[in-house]
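Chains as they are written, first to last, in this note's numbering: chain A, 1 to 190; chain B, 1001 to 1190.
Number of protein chains: 2
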Amino acid sequence: MVKIENSKRTILNLAESLLQDKGFNGFSYAHIASELGVKNAAIHYHFPTKEDLGRAVIQHYRDRFKLWTNNARVKDLPSREKLDWFFGIYSSMRADKGKVCLVGSMEVEFNSIPGGLQEEVQILHKELLDWLEATLAEGRDADAFQFNGDPANKAALILSTLQGALQMARALGTKKFRDVVEQMKLDLIV
Amino acid sequence: MVKIENSKRTILNLAESLLQDKGFNGFSYAHIASELGVKNAAIHYHFPTKEDLGRAVIQHYRDRFKLWTNNARVKDLPSREKLDWFFGIYSSMRADKGKVCLVGSMEVEFNSIPGGLQEEVQILHKELLDWLEATLAEGRDADAFQFNGDPANKAALILSTLQGALQMARALGTKKFRDVVEQMKLDLIV
DNA sequence: GATTTTACTTACTAGTTAGTAAGTTGTCAA
DNA sequence: TTGACAACTTACTAACTAGTAAGTAAAATC
């Protein structure tokens, strides 16, 4: 038995990374195993099926987001800084080997992933949307943001844009991603 | 020899459909073959490798877009209607079995597709962006559109948004897609 | 000190993948 | 009518896929 500190967590992190790098159909148990220097079956020991692994990745992602947004360091920020924090998550993904949003990655392959994963993606996407909607509404009330229409729709627009912009950056470079983020701010901030 | 009218074109169309439905890693030669009632090798006869097939799909997509945008029926439209036509392409995709933008689909899997395909995606994305940028610039000059900043950045934002919104609709439904499109118009049209 | 549990490895399976080589058959041009 | 060619099929391969069953060794628990 090789001594790996908390190997379940290590597998989870690597799986998340691979999902954001190559998509659900783009990586295999063999990839994970060889990367970690263990055998195929070791991964199956922790996550019996690929669906289990996928679900765990999304649940971990959800937990982390909930933890952050409930933390005073984000919760008590003014609206504009909350939004900057949120945009920062996506900028970090871009900086981290050109990763793409987990949600977008799984929605592109939505019709070829297990049903249990589809549900999980749905829930995560809703949670992101809800937080963003509340932040936009709060910011408009405080005259920090300026936009017409329903905050829910503006939230859906912004999330879609971030998701698409990370993908665009894959083909056209990081500058394009930053341009889009700047344009979003230009369209939103007073 | 079974009599199929222009089977190369039939394969191409089905491949495009599968790409927008399941992604590049989500379909196989066997899928295409069984759907068309032919054998695996028949597909390889027309498109020796999967990279060849992918390139042909994208090139076909590019040709079609160029044809449309150069046609008087689009070319001579006022800016607002040009934009409506463009948005209509994405609405049609959504209506057509929840398809997703070809570019987004391939950018999610960018790091697990052949290099030749990556180039082709890059070129297509640039062409879409260039047309949209020109249309936005033209529309702002004609006081049909209203936005701050560089038309190139606004074009990148809009394209990213459409791409992301089609993906979002997979998990959260068509209404969300329409909401995003309406919000974009609200943010743009005078 | 014995027993159970954890975290694996070894060795395998059945199915799928892209891709190939060689043969077949209908169509068309000379 | 013959020969070339287009459009396939048959039959195959090597590599990879998720997943399993049985065995092993160290560590934790009793």
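Even glycine gets a Cβ: it sits at the ideal position worked out from N, Cα and C.
A straight line joining the alpha-carbon of B/A1144 with that of A/G23 spans about 40 Å.
Proximity of B/E1120 to chain A, defined by a Cβ-Cβ separation below 7 Å, is not satisfied.
Here B/Q1146 has R1140, L1188, I1189 and V1190 as same chain residues with Cβ atoms under 8 Å from its own Cβ, once five neighbours each way along the sequence are excluded. For B/K1022, the uninterrupted alpha helix (DSSP H) run begins and ends at S1007 to K1022, by DSSP.
Exclusion of the five residues before and after A/Q163 leaves C101 and G104 as the residues of its chain whose Cβ lies within less than 6 Å of its Cβ. If the five residues before and after A/R62 are omitted, its C-beta is found closer than 6 Å to the C-beta atoms of L124, all from its own chain and listed in chain order. B/R1064 sits exposed, since fewer than 16 C-beta atoms from the chains shown fall within 10 Å of its C-beta. Bounds of the alpha helix (DSSP H) holding A/K50 are K50 to N70.
Within the same chain, T69 come within 7 Å of A/W131 by CB-CB distance, once the 5 residues on both sides are set aside. Residues of chain B whose Cβ lies closer than 7 Å to the Cβ of A/T161 are, in chain order, L1157, S1160, T1161 and G1164. When Cβ-Cβ separations below 7 Å define contact, A/N25 makes contact with chain B. Look at the segment 172–190 of chain A: the residues with a C-beta under 7 Å from a C-beta of chain B are L172, K176, D179, V180, E182, Q183, M184, L186 and D187. Around B/E1107, the beta-carbon contacts reaching into chain A at under 8 Å are V100, Q167, M168, R170 and A171.
Taking 7 Å as the cut-off, the Cβ atoms of B/S1079 and B/T1010 do not count as close.
Under the three-state reduction of DSSP output, B/F1147 falls in the coil class, being neither helix nor strand.
For A/E109, no alpha helix (DSSP H) run applies, since DSSP gives it neither H nor E. Closest in C-alpha terms to A/E109, from the list B/N1040, B/E1035, B/R1170 and B/S1034, comes B/R1170. Exclusion of the five residues before and after B/D1021 leaves K1097 and K1099 as the residues of its chain whose Cβ lies within less than 7 Å of its Cβ. The Cβ neighbour count for A/K50, taken over all protein chains shown within 10 Å, is at least 16; the residue is labelled buried.
Here A/D76 is exposed: its Cβ has fewer than 16 other Cβ atoms, across all protein chains shown, within 10 Å. Under the Cβ distance rule, B/F1110 counts among the residues neighbouring chain A, one pair being separated by less than 7 Å.
A/L67 and A/V74 have their C-alpha atoms roughly 10 Å apart. The C-beta of A/D21 comes closer than 7 Å to at least one C-beta of chain B.
A direct Cα-to-Cα measurement between B/G1088 and B/F1177 gives close to 12 Å. Straight-line measurement puts the Cα of A/N25 at about 18 Å from the Cα of B/E1016. Within chain A, no residue has its beta carbon less than 8 Å from that of B/K1050; the closest one is some 13 Å off. For B/H1031, not one C-beta of chain A is nearer than 7 Å to its own C-beta.
Contact of B/K1154 with chain A by beta-carbon distance below 7 Å involves Q183. The beta-carbon distance between B/A1155 and B/L1172, rounded to whole angstroms, is 25 Å. This is too long to meet the 8 Å contact definition.
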